[in-house]
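Engineer:
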Amino acid sequence: MGRAPCCDKANVKKGPWSPEEDFKLKSYIDQFGTGNNWIALPQKIGLKRCGKSCRLRWLNYLRPNIKHGGFTEEEDNIICSLYISIGSRWSIIAAQLPGRTDNDIKNYWNTRLKKKLLGRHRKPAPIPGQEAAGEDAFDLYNLSSSALERLQLHMQLQSLQNPLSLFNNHLQQKMIQTLDSLNPHQLIAPPAFGQAPMAEQINPLLLDEKSCGFAAEENLQPVGDDEFDCFKEMGGVERENLAWWCNEFEVKSTSSSSWDSTAVIDHQIYGDYDMGFSM
DNA sequence: AACCTTTACAACCGCCACGGT
DNA sequence: CACCGTGGCGGTTGTAAAGGT
1 MGRAPCCDKA NVKKGPWSPE EDFKLKSYID QFGTGNNWIA LPQKIGLKRC GKSCRLRWLN
61 YLRPNIKHGG FTEEEDNIIC SLYISIGSRW SIIAAQLPGR TDNDIKNYWN TRLKKKLLGR
121 HRKPAPIPGQ EAAGEDAFDL YNLSSSALER LQLHMQLQSL QNPLSLFNNH LQQKMIQTLD
181 SLNPHQLIAP PAFGQAPMAE QINPLLLDEK SCGFAAEENL QPVGDDEFDC FKEMGGVERE
241 NLAWWCNEFE VKSTSSSSWD STAVIDHQIY GDYDMGFSM
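So in the UniProt record's numbering, spot 233 of the first sequence is number 233, and the numbers just go up one at a time.
#1: Taking all protein chains shown into account, do 16 or more other C-beta atoms lie within 10 angstroms of the C-beta of I105, making it buried, or fewer, making it exposed?
#2: Taking C-beta to C-beta, are K26 and L62 nearer than 8 Å?
#3: Less than 8 Å between the beta carbons of L153 and I78, yes or no?
#4: Quick check: the Cα distance between N103 and N110, rounded to an integer number of angstroms?
#5: Taking K24 as the reference, give the member of K14, W58, N37 with the closest Cα.
#6: Alpha carbon to alpha carbon, how far is K116 from C54? Give it in angstroms, no decimals.
#7: Note down the Cα distance separating G15 from L47, rounded to an integer number of angstroms.
#8: When you compare only the Cα positions, how much space is there between W17 and I86?
#9: Leaving out five residues on either side along the sequence, give the residues of the same chain with a beta carbon under 8 Å from the beta carbon of Y108.
#10: In three-state terms, what does DSSP make of F71?
#11: Alpha helix (DSSP H) containing P42: first to last residue?
#12: Please state whether DSSP places Q96 in a helix, a strand or coil.
#13: Which of the three DSSP states is assigned to L47 in this structure?
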């Protein structure tokens, strides 16, 4: 037996909110508050809406000091930094951006930022019979799409900062090949791990006050024991083997090397990714 | 002008956590 | 301790607008 619905679906209006509905909801909440009961609220004010729908409407559009659109470059930086480190925890990300809602940020990421930063991945044809050996090979395919996306994004950011390092590192090249040719039957051979960056270069990518100025804010949950969620998914990979992932990532909020995709085009690092997206 | 595709964003859905009973 | 109701969250869908052919 399934759970009971939160409201009577048959008698509930769906779709876009009318100005009248907005007015009813807003003026009631302004006057009486939500009463800590969203489910009962629409009945009180005579709205044929689900309580959840009322809550969403209020939180995303009607409550005071909500900003829509016009994301600044600084906000872009914060969203990207947090997405890399904690993934799609939009509510946490939204908590760092006053006036922004998780829904807004999620939409913005999915429709614009992601394309701007990652480009469009041209799915390659599978290569028959190509398999890599190695007893400690790890299967990138088993990473979630979110984790892959974050790895890819991180590599992109690293290339922005230090384009030459990309070509000096065998593993990174291997990873790029793998991301390009990924299919369910392929494994990647274990790379040579003697080329990890020096220890002092390793930055666990925790966003600190110095670089971003928001790590100390109370709403930001710790990213974990100085590692990325996406790295945690690679259970079979030894931590030190991933050291190269952690080349210092500096939020480039002060220089011209911002998140502008044109910088990436110059380097032509990812030929398989269309970085020509412009906003 | 008509049609098709892409983009942007509002809204819905279902799952999960939590507090009250 | 189990159950229930609710809030919160992230993923997904629907759709209008914009752009392209």
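Backbone N, C-alpha and C fix where the C-beta goes; we use that ideal spot for every residue, glycine too.
Given the structure is predicted, the values throughout are model-derived calculations rather than measurements.
Structural biologist: Looking at the coordinates:
#1: Mapped onto the first sequence, residue 105 falls at position 105. Buried, because 16 or more other Cβ atoms sit within 10 Å of the Cβ of I105.
#2: Counting from 1 along the first sequence, the entry for residue 26 is found at position 26. Counting from 1 along the first sequence, the entry for residue 62 is found at position 62. A contact, by the Cβ cut-off of 8 Å.
#3: The residue labelled residue 153 in the question sits at position 153 within the first sequence. The residue labelled residue 78 in the question sits at position 78 within the first sequence. Result no, Cβ atoms of L153 and I78 do not sit closer than 8 Å.
#4: Within the first sequence, residue 103 is the residue found at index 103, counting from 1. Within the first sequence, residue 110 is the residue found at index 110, counting from 1. Approximately 10 Å between the Cα atoms of the pair.
#5: Translated into positions along the first sequence, residue 24 becomes position 24. Among K14, W58, N37, the Cα nearest to that of K24 is on W58.
#6: Counting from 1 along the first sequence, the entry for residue 54 is found at position 54. Counting from 1 along the first sequence, the entry for residue 116 is found at position 116. If you take the alpha carbons of C54 and K116, they lie about 33 Å apart.
#7: Locating residue 15 in the first sequence gives position 15, where the first residue counts as 1. Locating residue 47 in the first sequence gives position 47, where the first residue counts as 1. Distance between the alpha carbons of G15 and L47 is about 13 Å.
#8: The residue given as residue 17 occupies position 17 in the first sequence. The residue given as residue 86 occupies position 86 in the first sequence. Each residue's Cα considered, the two are about 33 Å apart.
#9: Position 108 of the first sequence, counted from the start, is the residue given in the question as residue 108. Around Y108: F71, I79.
#10: The count along the first sequence starts at 1 and reaches residue 71 at position 71. It is coil, neither helix nor strand.
#11: Translated into the one-based positions of the first sequence, residue 42 becomes position 42. 41 to 44 is the extent of the alpha helix (DSSP H) around P42.
#12: Along the first sequence, one-based indexing puts residue 96 at 96. If DSSP states are grouped into helix, strand and coil, Q96 belongs with coil.
#13: Mapped onto the first sequence, residue 47 falls at position 47. Coil.
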